[in-house]
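Numbering (my numbering), first residue to last: 2 to 264.
Below: the structure, in C-alpha cells.
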Ligand SMILES: Nc1ncnc2c1ncn2[C@@H]1O[C@H](COP(=O)(O)OP(=O)(O)OP(=O)(O)O)[C@@H](O)[C@H]1O
Ligand SMILES: [Mg+2]
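Written as C-alpha cells, this is what we have:
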C-alpha cells in the first residue's frame, strides 16, 4: 500500500490574514473541508486559493466545478483581479466542469485530469454534490467484498436507481474516505467545499468528511440590518497549533481578507 507523502512544507492558502492563524499555511497535501451556507464565500475562497497559488507560488491549480459554468467562474475571479484565462493559457490553472451523472465517470475524469495536469492544488466545488452522487452506482450487496478500485471506478452501466437507501450513506462514506486518502497520498493540497445549512450540527451532509479531512475551515454569513457579517472559524487543522476563535472577514477588491480580531 502506498504511504502518505510526509512533509513539513507549509502551503500558503493565499487568503490574506488567514495563513498566520494556521502556522503560516497548511501542510502540503492536506485536504481541507470548507463548509458554509449559501453565499458564505466558498466558491470565492476556493478560486482565490487556486489563483494565488498559481500567481504567487508557481503552483498548478485544478478547479473542479459541479455547479457554476467555467465562464461564470472566470468572470467572478476577474472581479478580484485574478485573470484565470491568462493563467489557463500559461498552463497554471485548469477549470473543469463536471456534468456527468455517475460517480464512476466523475472519479475517472478527475483521475485523468490529475494524471495529465499534475496539479499541486485542487478545489472541488461542491464536494457535497460529488459525495451525494456516490450512490449512483450498481446495487451493492456486501460492500466489504468489493475492492476499493471497483467501488471508486464503477462503470456508467452500473447506474442503478435501486440501490437500497440504507446502502447509500455507507457507499458515500467509503467514497469520501477513499478519495481523501488518495489525494493525501498524492500530496495534492485540496479544498473541498461543503454545503451546509446555517444551524447544522455537521460540517458536511455525508457526516464523514470532517473526520476524514485534515482541516475544517467553517464560513458563515449573517445578515445584520442591511449589512452582512462574514466569519471564518478554524475548526480543525492537523499538525498545526491553531489560534482558536472566530474571525471576521470581508471581500476587498483583491479578494477575501481575514481581519485580525478574535471573538
Ligand atoms: N466582487 C465582489 N465584491 C464583494 N463581494 C462579492 C463580490 N462578488 C461576490 N460577492 C459576495 O460574495 C458572496 C459569496 O459568494 P460565493 O459564490 O463565494 O458563495 P458560496 O458560498 O459559494 O455560495 P453558494 O453556496 O451559493 O455556492 C456573494 O453572495 C456576494 O455577496
Ligand atoms: Mg459556490
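A virtual CB, placed ideally from N, CA and C, is assigned to each residue, including glycine.
Q | Distance, residue 219 Cα to residue 78 Cα | A | 21 Å
Q) Is any heavy atom in ligand 2 found nearer than 7 Å to the beta carbon of residue 1? A) Given that the chain is displayed from residue 2 to residue 264, the structure contains no residue 1 and the question cannot be resolved.
Q. What is the DSSP secondary structure of residue 208, reduced to helix, strand or coil?
A. coil
Q: Identify whether residue 181 lies in helix, strand or coil by the three-state DSSP scheme.
A: helix
Q. Residue range of the beta strand (DSSP E) that residue 230 falls in?
A. For residue 230, the uninterrupted beta strand (DSSP E) segment begins and ends at 228 to 238.
Q.
Can you determine whether any heavy atom of ligand 3 sits closer than 7 Å to the C-beta of residue 68, and answer yes or no?
A. Ligand 3 is not part of the structure shown, which contains ligand 1 and ligand 2 as its ligands.
Q: Please indicate yes or no: does the CB of residue 72 lie closer than 7 Å to some heavy atom of ligand 2?
A: no
**Q.** DSSP-derived helix/strand/coil call for residue 187
**A.** Secondary structure at residue 187: helix, using DSSP grouped into helix, strand and coil.
**Q.** Span separating the alpha-carbon of residue 27 from that of residue 11
**A.** 5 Å
Q.
Shorter than 7 Å, the distance from the beta carbon of residue 15 to the closest heavy atom of ligand 1, or not?
A. no
Q: Would you tell me roughly how many angstroms separate the C-alpha atoms of residue 92 and residue 226, rounded to the nearest one?
A: 44 Å
Q) For residue 237, which residues from the same chain have a beta carbon less than 7 Å from its beta carbon, with the 5 sequence-adjacent residues on both sides left out? A) 216, 217
(Q) Suppose you measure from the CA of residue 55 to the CA of residue 89; what does that come to, to the nearest Å? (A) 10 Å
Q | Coarse secondary structure for residue 56, derived from DSSP in three states | A | helix
Q.
If distances are taken between C-alpha atoms only, which option among 100, 250, 207, 51 comes closest to residue 191?
A. 51
Q: Apply the 10 Å Cβ neighbour rule to residue 1 and answer buried if 16 or more other Cβ atoms are within range, or exposed otherwise.
A: Because residue 1 is not part of the residues shown, which for the chain are 2 to 264, the question remains open.
(Q) By the DSSP assignment, the beta strand (DSSP E) with residue 24 in it spans what residues? (A) First-last for residue 24: undefined, no H or E at that position.
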